[in-house]
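The sequence shown maps to residues 16 to 310 in the working numbering. By construction, the Cβ of each residue, glycine as well, lies at the ideal position given by its N, Cα and C atoms. A quick write-up on the structure given underneath.
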Amino acid sequence: MKRLLFFFSIIFLLLIFHDNVISGATDGLLLWYRVLVPTLLPFILITGAMSESHCYDVLTFGKSGAKSYCITAFIIGNMCGYPIGAKILNDFISQKKIPKNLASDMLSVSSQASPMFLIGYIYNKMLNKSMPLFPFLIILYIPSIILFIIKLKNIDFFDYLLIPQKSERTNNNYNDTFISAVRTIVVIGVYVMIFSILFGVLLPNISNPYIKCSLSFLEITTGLNLLKSLPFISSFKLPLIMSLSSFGGLCSAYQIKSVLTYENATIKKYLFDKLILSTGTFLLTYLYQIFLSIV
């Protein structure tokens with residue numbers, strides 16, 4: 016009964032705010048079609064084909080330990096952007112390369128916006144190159160690198176000795192890989208549309224800038240534009256933008272959840288770690304501004 020009332024309430028709200036819903040859905044679908052499909056789908060296809068053909072075994076240089084696979088997921092995930100790192104970790108679980116608890120622990124450090132998005136959109140468009148590129152990248156990546164090293168050192172190798180390091184070879188079925196890639200990109204599009212609708216419904220009815228600031232962490236692209244437009248003190252605006260760039264937004268978290276197909280998959284640890292990383296990014300950016308003002 017409670018679920019029925021919940022869904023009827025959603026339908027009722029959609030009817031009341033139908034103009035905002037249509038506008039938000041349109042914005043979300045355009046963002047998905049124009050940005051995410053051309054930038055993400057090729058990487059999803061390539062990583063899927065690599066997993067199917069066991070190319071990751073080559074990337075680990077013959078080392079089959081859990082640490083080698085975590086390093087691979089960290090590097091490729093940070094180079095390709097959301098949710099590729101999570102997808103690679105999910106592939107490693109399905110091939111019995113790493114255990115589920117280790118994959119959950121590595122989700123946050125293997126999931127970052129791609130350098131193409133960070134530089135092309137955030138650095139060039141959002142920040143208008145207001146700071147040098149090198150400090151910009153260092154501030155965003157250093158917290159993840161430090162946390163990754165800590166997690167890597169805490170891996171007890173003997174906990175994973177019972178995991179088969181080589182999965183059984185199967186005939187490569189690239190049709191299934193392509194179908195899975197299309198399914199993944201469609202699910203990502205649905206989440207982008209849902210969060211864009213939330214923005215479309217909530218923002219016009221909220222005037223408090225601090226509440227609007229909290230809403231910016233729903234979705235990274237719309238959230239960054241919102242943060243840039245808010246009348247905050249200039250010394251806090253850059254740290255907030257950098258912090259959201261590190262966190263990625265709840266929409267990205269649900270995109271990651273959508274590619275995790277193993278049993279009892281959860282993003283609670285991911286969200287907790289991301290809060291730590293985004294806080295670290297905020298503090299580093301703020302300290303950087305203080306250093307510039309002193310110099």
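Inter-residue Cα distance where the pair is residue i and residue j
{"i": "residue 162", "j": "residue 19", "result": "43 angstroms"}
{"i": "residue 115", "j": "residue 108", "result": "6 angstroms"}
{"i": "residue 190", "j": "residue 196", "result": "10 angstroms"}
{"i": "residue 129", "j": "residue 51", "result": "12 angstroms"}
{"i": "residue 222", "j": "residue 246", "result": "12 angstroms"}
{"i": "residue 30", "j": "residue 220", "result": "16 angstroms"}
{"i": "residue 146", "j": "residue 200", "result": "33 angstroms"}
{"i": "residue 25", "j": "residue 17", "result": "12 angstroms"}
{"i": "residue 264", "j": "residue 80", "result": "32 angstroms"}
{"i": "residue 193", "j": "residue 103", "result": "15 angstroms"}
{"i": "residue 131", "j": "residue 55", "result": "11 angstroms"}
{"i": "residue 301", "j": "residue 250", "result": "7 angstroms"}
{"i": "residue 305", "j": "residue 142", "result": "18 angstroms"}
{"i": "residue 260", "j": "residue 285", "result": "15 angstroms"}
{"i": "residue 227", "j": "residue 269", "result": "21 angstroms"}
{"i": "residue 96", "j": "residue 287", "result": "19 angstroms"}
{"i": "residue 48", "j": "residue 237", "result": "15 angstroms"}
{"i": "residue 258", "j": "residue 133", "result": "12 angstroms"}
{"i": "residue 85", "j": "residue 159", "result": "13 angstroms"}
{"i": "residue 21", "j": "residue 28", "result": "11 angstroms"}
{"i": "residue 170", "j": "residue 125", "result": "16 angstroms"}
{"i": "residue 198", "j": "residue 63", "result": "12 angstroms"}
{"i": "residue 273", "j": "residue 58", "result": "16 angstroms"}
{"i": "residue 46", "j": "residue 65", "result": "27 angstroms"}
{"i": "residue 123", "j": "residue 303", "result": "24 angstroms"}
{"i": "residue 35", "j": "residue 271", "result": "27 angstroms"}
{"i": "residue 204", "j": "residue 44", "result": "7 angstroms"}
{"i": "residue 82", "j": "residue 99", "result": "18 angstroms"}
{"i": "residue 112", "j": "residue 157", "result": "27 angstroms"}
{"i": "residue 291", "j": "residue 93", "result": "17 angstroms"}
{"i": "residue 209", "j": "residue 266", "result": "9 angstroms"}
{"i": "residue 234", "j": "residue 289", "result": "14 angstroms"}
{"i": "residue 225", "j": "residue 232", "result": "12 angstroms"}
{"i": "residue 105", "j": "residue 167", "result": "18 angstroms"}
{"i": "residue 202", "j": "residue 144", "result": "33 angstroms"}
{"i": "residue 32", "j": "residue 211", "result": "13 angstroms"}
{"i": "residue 53", "j": "residue 61", "result": "13 angstroms"}
Continuous alpha helix (DSSP H) stretch holding residue i: start and end
{"i": "residue 254", "result": "249–262"}
{"i": "residue 227", "result": "224–230"}
{"i": "residue 36", "result": "33–46"}
{"i": "residue 158", "result": "148–168"}
{"i": "residue 240", "result": "235–244"}
Check whether the segment 115–126 touches the segment 144–152, counting contact only when three or more Cβ pairs, one atom from each stretch, lie closer than 8 angstroms. no
Flag this pair as touching only if the segment 201–219 and the segment 40–58 have three or more C-beta atom pairs under 8 angstroms; answer yes or no. yes
Touching or not, the segment 294–304 and the segment 254–268, by the rule of three or more beta carbon pairs under 8 angstroms? yes
Would you check if there are 3 or more beta carbon pairs closer than 8 angstroms linking the segment 132–147 to the segment 276–283? no
Hey, which unbroken runs of the alpha helix (DSSP H) at 4 residues or more fall wholly within the segment 49–119? 52–67, 71–74, 81–95, 99–109
The segment 236–245 contacting the segment 280–287, beta-carbon criterion three pairs below 8 angstroms: no
Say whether the segment 163–170 touches the segment 85–102, bearing in mind that this needs 3 or more beta-carbon pairs closer than 8 angstroms, one atom from each stretch. yes
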